[in-house]
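Residue numbers (full-length UniProt numbering): 1 to 163.
The beta-carbon is built from N, C-alpha and C at its ideal position, and this holds for glycine as well.
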């Protein structure tokens, strides 16, 4: 509920300070799909743009964690409306769009592309792959269709993929 105490909504996390094991409270709320908690946390001063420091997802934002674990378009829209940059990359150069494509989160891909300031369709990660290439590698056909319909560059060939 709006204004709810985060320790009541997310009691399994011991929060003291800005992060828990390198993950912010906003990220924990996003990770678990608590749309109703994210806005009040940010308005109360929680850091929206925090990037993870201790996980194997280093450099990930709340957007990355949302698409990694859920197909939750409403959460993505909320985070973007609060001002989180949709083109922020993690340590591997993945944007939230790369991860949505990787995990076959078609609803998230669509939601990201419908934002007032959508992500860069053809941004390459550290391995040189665009979100469309990532979707192709992971056989995420619906994500591929959405990306191509949105204008993603589909002129690559399979030999272009970099590990």
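Do residue j and residue i have their beta-carbon atoms positioned less than 9 Å apart in this structure?
i	j	result
residue 29	residue 71	no
residue 88	residue 101	no
residue 104	residue 135	yes
For residue i, which residues from the same chain have a beta carbon less than 7 Å from its beta carbon, with the 5 sequence-adjacent residues on both sides left out?
i	result
residue 92	125 and 126
residue 63	76, 79, 84, 86 and 96
residue 69	31
residue 111	73, 76 and 77
residue 144	132, 135 and 136
Below 8 Å on the Cβ atoms is my contact criterion, and I expect residue i with residue j to pass it. Report the Cβ-Cβ distance as a whole number of Å.
i	j	result
residue 151	residue 82	Actually they do not touch by this definition, with Cβ atoms about 27 Å apart.
residue 113	residue 146	7 Å
Using the Cα positions of residue i and residue j, report the straight-line distance between them to the nearest angstrom.
i	j	result
residue 49	residue 139	31 Å
residue 59	residue 51	5 Å
residue 61	residue 122	20 Å
residue 34	residue 109	20 Å
residue 131	residue 24	26 Å
residue 141	residue 65	22 Å
residue 94	residue 67	12 Å
residue 46	residue 157	43 Å
residue 44	residue 57	26 Å
Residues in the same chain with beta-carbon distance under 8 Å from residue i, minus the five sequence neighbours each way, listed in chain order, please.
i	result
residue 163	Low per-residue confidence applies at residue 163: pLDDT is 45, beneath 50, and the placement is therefore not dependable enough to give any value.
residue 41	6, 25, 26 and 29
Among the residues of its own chain, which have a CB less than 6 Å from the CB of residue i, if the five just before and after it don't count?
i	result
residue 53	22
Any chance the region 65-75 sits against the region 118-133, with 3 or more Cβ pairs inside 8 Å? In this structure the region 65-75 does not lie against the region 118-133, because fewer than three pairs of beta carbons, one per stretch, are closer than 8 Å.
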